[in-house]
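Novice: Counting from 795, one number per residue, gives the positions in the sequence shown under the numbering used here.
The beta-carbon is built from N, C-alpha and C at its ideal position, and this holds for glycine as well.
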Amino acid sequence: VITHPPPDARGRDGIQLISTIKDLLLRLKDGPYVFYENKSTKAYTINGGDLVQQELSAGSTVVTATDRNDKFQKVELQQKLSVPPVDYPRPEKLFVLSDIEGNFAAFRKLLQANRIIDENFNWTFSDGHLVFAGDMFDRGEQVTECLWLIYSLEEKAKASGGYVHFVLGNHEIMNLQGDDKYVKQKYKNNATLLGKTIKELYNDDSELGRWLRSKNIMEKIGDMLIIHGGISGELNRLSLTISQINETARPYYAEKKRDFANKDLNTIMSKSNGPFWYRGYYYLNRSFAATPKQVDSTLQKFNVKHIITGHTIIADTISTHYNGKVINTDTHHAEGKSEALLIEGDHYYRVNQEGKRVLLFIDEKKKTSPSAQ
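(1) State buried or exposed for Glu935, treating a residue as buried only when at least 16 other CB atoms are found within 10 Å of its CB.
(2) Quick one, which of Gly922, Glu939, Leu1002 has its alpha-carbon nearest Gly956's?
(3) Quick check on Lys967: does DSSP put it in helix, strand or coil?
(4) Could you check the C-alpha separation between Gly1016 and Asp881 for me, to the nearest Å?
(5) For Lys887 and Lys982, what's the separation of their Cα atoms in angstroms?
(6) Which first and last residues belong to the beta strand (DSSP E) in which Gln848 is found?
(7) Is Lys1150 near the ligand COA, going by C-beta to nearest heavy atom under 6 Å?
(8) Looking at C-alpha atoms only, which residue of Asp929, Ile944, Asn897 is the closest neighbour of Ile910?
(9) Starting from the C-beta of Tyr1047, find all residues in its chain whose C-beta is less than 7 Å away, skip the five residues before and the five after it, and write them out in chain order.
(10) Measuring only between beta-carbons, confirm whether Asn1060 sits less than 7 Å from chain D.
(11) Going by DSSP, what residue range makes up the alpha helix (DSSP H) through Asn1030?
(12) Given a threshold of 16 other Cβ atoms within 10 Å of its Cβ, counted over all protein chains shown, does Gly1068 qualify as buried or as exposed?
(13) Pull up the distance between the alpha-carbon of Asn1146 and that of Ala1134, whole angstroms please.
(14) Excluding the 5 residues flanking Leu871 on each side, which residues of the same chain have their C-beta closer than 6 Å to its C-beta?
(15) What would DSSP say about Arg1144, mapped onto helix, strand or coil?
(16) Report the rounded CA-to-CA distance for Leu845 versus Ile1137, giving the unit in angstroms.
(17) For Ile1156, name the three-state secondary structure that DSSP assigns.
(18) Which one of Ile1108, Gly843, Ala951, His1141 has the shortest CA to CA distance from His1126?
(19) Report the residue from Thr1042, Ala907, Gly928, Gly805 whose alpha carbon sits nearest the alpha carbon of Gly919.
(20) Thinking just about the alpha-carbon of each residue, which of Asn1117, Val925, Thr986 is nearest to the one in His1022?
(21) Who are the Cβ neighbours of Asp998 in its own chain at under 7 Å, not counting the five residues just before and after it?
(22) If you follow the beta strand (DSSP E) that Glu1133 is part of, which residue opens it and which one closes it?
(23) Between the alpha carbons of Pro799 and Asn863, how many angstroms are there, rounded?
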């Protein structure tokens, strides 16, 4: 160490060192966490060990970090949070991804390379739909930044005739319930700095907590069913519509129980058979594996042609299963193997962070989907 010359900031080693320091400084940032306290609205932002408090009014704008030192997001708080529909007509263009898990850089690069947003995080996908199939939380260190990005894109998309869907995954539910098994130490430290637990960061007195509680656990877009894990045989057999499944579960997102004293609710919230957790489409050597007959039963029950999931990594790319009836969107974002599903008309593509397209299949002529269940 004594004899080694110091790195030259203009050389390769120095530039790499500076880049590493900047990256570490970014990871020390977090927030804002917006809370409604005693008839006032306060935002708390963390920069290293410093906690900055800001008083907010209706329609206020908050600023969040990104994965770059020279770029910030300005996020306008929504005037009203409402529960979204569960059934949508199929748009001409959809962009579907899942399991970002706090990797803001991967999220940003996918959206920008495929012209969903521009360099300043403005919506550029016109009347297309952006679909996130769960698991924005855990494992990564820019979870809050990812949440605020998709939060802000909701209003920007609507202004252009587009739409943003956020379907909850098991890691959203885990954080709402205070299960910190996969939470980075950064967020545990920041919760302590705020005098809160992980669960309290997303209670119903927080903006992000209220926003997450408004989201669905499954949605139908045209002839596609969007769900994080999948539909188990047990869930298939419930006499519930998509709307009823969502409304049955919604009041209990933040409750962690083994028995809810309700058979339907127990199935929906189950860590093996529930839609957040089910892996039967991909673990074909297990007792709970889905048969082709089960998949066809789900398609018939919900009147769809395709089931689109995340939750289970089985390849480095977007992949199709059961003759194209099931599409998996979970890839290794943290390892640079980041992809999304792009649907344009009847063409299904997998796309990457460079915007490269690979055709998966061309769908047969689309059927007109009847109104929502």
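Specialist: Once the coordinates are examined:
(1) buried
(2) Gly922
(3) Reading the sequence as shown, one finds Ile at residue 967 and not Lys. Ile967: helix per DSSP, three-state reduction.
(4) 8 Å
(5) 39 Å
(6) 844-850
(7) Absence of the ligand COA is noted for the structure shown, with no ligands found whatsoever.
(8) Ile944
(9) Ile967, Leu970, Arg1007
(10) Protein chain content of the structure displayed is limited to a single chain, and chain D is not contained in it.
(11) 1027-1030
(12) buried
(13) 7 Å
(14) Ser854
(15) strand
(16) 43 Å
(17) strand
(18) Ile1108
(19) Note that residue 919 is Phe in the sequence shown, not Gly. For the residues Thr1042, Ala907, Gly928, Gly805, the minimum Cα distance to Phe919 belongs to Ala907.
(20) Val925
(21) Arg1004, Arg1007
(22) 1133-1138
(23) 28 Å
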